[in-house]
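Everything below concerns the one structure shown next.
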Amino acid sequence: MIPIPKMFNRELSWLSFDRRVLELAEDPSVPLLERVRFLSIVSSNLDEFFEIRVAGIMQQEESASHPATREFLLQVLRQAHDLVAAQQRCWQDQLVPALAEAGIVVKSRQQLDETDRRALSERFDREILPALTPLAIDPSHPFPVLTNKGLYLLVLLRVPATGELRRAVVPVPRILPRVLALADQRGFTLLSHVIQTFLHRLFPGLELQGSWAFRITRNSDLYVDEEEAGNLLEAIEEEIRNLRKGATVRLEVEADIPAPELEWLLASTELAPENAFLNPGPVNMLRLASLLDLVARPDLLYPAFTPALPTDAAEPAGLFARIAQQDLLLHHPYESFAPVVEFLRQAARDEQVVAIKLTLYRTSGDSPVVEALKAAARNGKQVTALVELRARFDELNNIEWSRQLQEAGAHVVYGLHGLKTHCKACLVVRQEHGVTPLRPPGHRQLQP
Numbered sequence: 007m008i009p010i011p012k013m014f015n016r017e018l019s020w021l022s023f024d025r026r027v028l029e030l031a032e033d034p035s036v037p038l039l040e041r042v043r044f045l046s047i048v049s050s051n052l053d054e055f056f057e058i059r060v061a062g063i064m065q066q067e068e069s070a071s072h073p074a075t076r077e078f079l080l081q082v083l084r085q086a087h088d089l090v091a092a093q094q095r096c097w098q099d100q101l102v103p104a105l106a107e108a109g110i111v112v113k114s115r116q117q118l119d120e121t122d123r124r125a126l127s128e129r130f131d132r133e134i135l136p137a138l139t140p141l142a143i144d145p146s147h148p149f150p151v152l153t154n155k156g157l158y159l160l161v162l163l164r165v166p167a168t169g170e171l172r173r174a175v176v177p178v179p180r181i182l183p184r185v186l187a188l189a190d191q192r193g194f195t196l197l198s199h200v201i202q203t204f205l206h207r208l209f210p211g212l213e214l215q216g217s218w219a220f221r222i223t224r225n226s227d228l229y230v231d232e233e234e235a236g237n238l239l240e241a242i243e244e245e246i247r248n249l250r251k252g253a254t255v256r257l258e259v260e261a262d263i264p265a266p267e268l269e270w271l272l273a274s275t276e277l278a279p280e281n282a283f284l285n286p287g288p289v290n291m292l293r294l295a296s297l298l299d300l301v302a303r304p305d306l307l308y309p310a311f312t313p314a315l316p317t318d319a320a321e322p323a324g325l326f327a328r329i330a331q332q333d334l335l336l337h338h339p340y341e342s343f344a345p346v347v348e349f350l351r352q353a354a355r356d357e358q359v360v361a362i363k364l365t366l367y368r369t370s371g372d373s374p375v376v377e378a379l380k381a382a383a384r385n386g387k388q389v390t391a392l393v394e395l396r397a398r399f400d401e402l403n404n405i406e407w408s409r410q411l412q413e414a415g416a417h418v419v420y421g422l423h424g425l426k427t428h429c430k431a432c433l434v435v436r437q438e439h440g441v442t443p444l445r446p447p448g449h450r451q452l453q454p
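So the sequence shown is numbered by the working numbering: it starts at 7 and just counts up by one.
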């Protein structure tokens with residue numbers, strides 16, 4: 007047995023990994039926009055960390071009486087706070103000045119001048135205001151059910167006639183871009199800053215006392231008792247619906263929120279103070295990655311990488327003729343995945359192909375692999391797909407792929423009881439002087 011001091015704690019190791027990702031964002035030798043990308047990756051990783059790992063520890067704390075569970079939770083949260091503080095400093099003290107020096111100015115709400123405000127005013131009325139719906143909070147309108155990782159504004163208002171203070175919550179639709187380009191190439195700002203600048207227009211007759219962007223994270227760890235589930239697909243769908251109201255595990259809010267409003271927000275979200283992260287910069291740094299799509303500066307990025315297309319994969323007679331001569335080995339990601347997709351497309355059309363069998367763990371939104379399987383099934387091939395319904399955060403996508411494949415005539419199975427299928431494999435059976443199985447490289451996520 008390995009001595010306990012020699013073992014790494016899973017949760018603390020995860021945070022250590024994220025710290026190493028943050029070091030890439032802090033590294034001046036890394037191209038500037040790539041540093042912004044790494045900063046956003048830290049936020050993406052932390053989202054999953056809280057949704058799964060911290061949520062699990064909090065569940066253990068609720069069900070366990072051992073004080074060590076509570077102490078470990080606090081230790082994890084302390085390290086997470088330290089990491090987020092370092093991430094915020096990296097953005098404010100390093101990346102924002104470096105971006106400005108490179109001609110990419112990212113303005114805070116306070117830095118928006120009169121010229122910026124005039125241009126943004128029209129855009130706010132035309133594109134943003136119609137999408138906003140304030141939610142009043144009072145005895146007849148309780149605190150709303152908040153979407154996991156959605157962006158919200160807490161608004162404090164005053165009734166002029168009586169001096170009464172009121173609260174409202176403004177959800178920010180996810181369809182709106184989180185980073186906006188200012189007019190005349192004057193820089194960029196965050197959507198939340200624009201909304202807060204013109205927020206008074208949503209509340210005529212009331213005095214705006216303050217507003218603070220915030221988001222919550224919910225327990226998103228999907229659990230299905232397969233022994234009790236009659237239909238695994240339907241059981242997972244039901245559990246995903248339940249996760250929309252999963253227990254809150256983290257609150258992220260702007261650091262200048264007054265103590266009474268923070269206490270009210272914590273009580274409304276049923277969180278302890280140690281679960282609150284007060285951020286002086288952007289509440290959600292994940293969306294900063296969209297800056298890369300708005301700035302045409304290839305000099306601030308890593309050189310574009312194009313996977314090589316093996317010359318021996320372009321056999322005019324087709325891949326089956328090439329494989330009949332000699333095995334074809336592809337080395338991903340250095341060589342293109344296109345021959346694998348083309349292999350499946352040719353198999354779907356080939357009259358001598360009898361069957362295609364493939365595992366799917368995670369795939370893209372417009373997967374050519376799934377389209378090839380559907381085409382093969384419609385062409386009368388025996389198509390069997392093992393779809394892993396429990397691929398984390400892709401459960402709904404895989405349910406949809408399962409249904410599309412079944413509608414096309416494919417046979418879909420969901421793996422072994424109690425186990426996840428991570429293996430990536432494909433088998434094409436083709437009639438050649440008998441029945442011969444041909445296999446493309448299998449140790450690769452078939453996800454294009």
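Note that CB positions come from ideal geometry on N, CA and C, so glycine has one too.
- At a Cβ-Cβ threshold of 9 Å, Leu30 and Glu40 count as neighbours.
- Taking each of Gln332, Gly424, Val376, Gln388 in turn and checking the Cα distance to Arg409, the smallest one comes out for Val376.
- Around the beta-carbon of Lys251, fewer than 16 other beta-carbon atoms lie within 10 Å, marking it exposed.
- Approximately 7 Å separates the beta-carbon atoms of Asp227 and Glu57; this is inside 8 Å, confirming the contact.
- Secondary structure note for Glu32: its alpha helix (DSSP H) is the uninterrupted segment 16 to 32.
- Between the C-alpha atoms of Ser373 and Val255 there is a straight-line separation of about 34 Å.
- In the three-state scheme derived from DSSP, where H, G and I count as helix and E and B as strand, Asn403 is classed as helix.
- Distance between Thr275 and Ala142, taken at the CA atoms: about 16 Å.
- In the structure shown, His439 falls within a coil segment according to DSSP collapsed to helix, strand and coil.
- The shortest CA-to-CA distance from Arg368 to any of Gly386, Ser217, Arg398, Phe343 is the one to Arg398.
- Of the residues Tyr308, Thr203, Asn281, the one whose Cα lies closest to the Cα of Glu120 is Thr203.
- By alpha-carbon distance to His87, the top candidate from Leu52, Pro148, Ala253 is Leu52.
- In this structure, the beta-carbon distance from Pro286 to Ala261 falls below 9 Å.
- Note that the stretch 143 to 160 touches the stretch 174 to 185; at least 3 beta-carbon pairs, one per stretch, sit closer than 8 Å.
- Here DSSP, grouped into helix, strand and coil, assigns Ala142 to strand.
- Taking Ile405 as reference, the option from Arg328, Leu395, Ala91 with the minimal CA-CA separation is Leu395.
- Membership of His417 in the beta strand (DSSP E) is indicated by the continuous run 417 to 419.
- C-alpha of Leu268 to C-alpha of Val111: approximately 31 Å in a straight line.
- Remark: C-beta atoms of Pro288 and Ser198 approach each other more closely than 9 Å.
- In the three-state DSSP reduction, Pro103 falls in the helix class (H, G or I).
- Inclusion of Arg184 and Arg293 in the CB contact set at 9 Å is warranted, their separation being smaller than that value.
- Comparing alpha-carbon positions, the option among Glu357, Trp270, Glu401 lying closest to Lys426 turns out to be Glu401.
- Its chain contains Met291, Leu292 as the residues whose beta carbon lies nearer than 6 Å to that of Ser49, once the 5 sequence neighbours on both sides are disregarded; these appear in chain order.
- Per DSSP, reduced to three states, the secondary structure at Gln358 is coil, with no helix or strand assignment.
- Linking Ala137 to Asp99 through their CA atoms gives a straight-line distance of about 34 Å.
- Less than 9 Å separates the beta-carbon of Leu152 from that of Ile222.
- At the C-beta level, Ala174 and Pro140 come within 9 Å of one another.
- Only residues of its own chain outside the window of five on either side were considered, and among them Met291, Leu292, Leu294, Ala295 have a CB closer than 7 Å to the CB of Ser46, listed in chain order.
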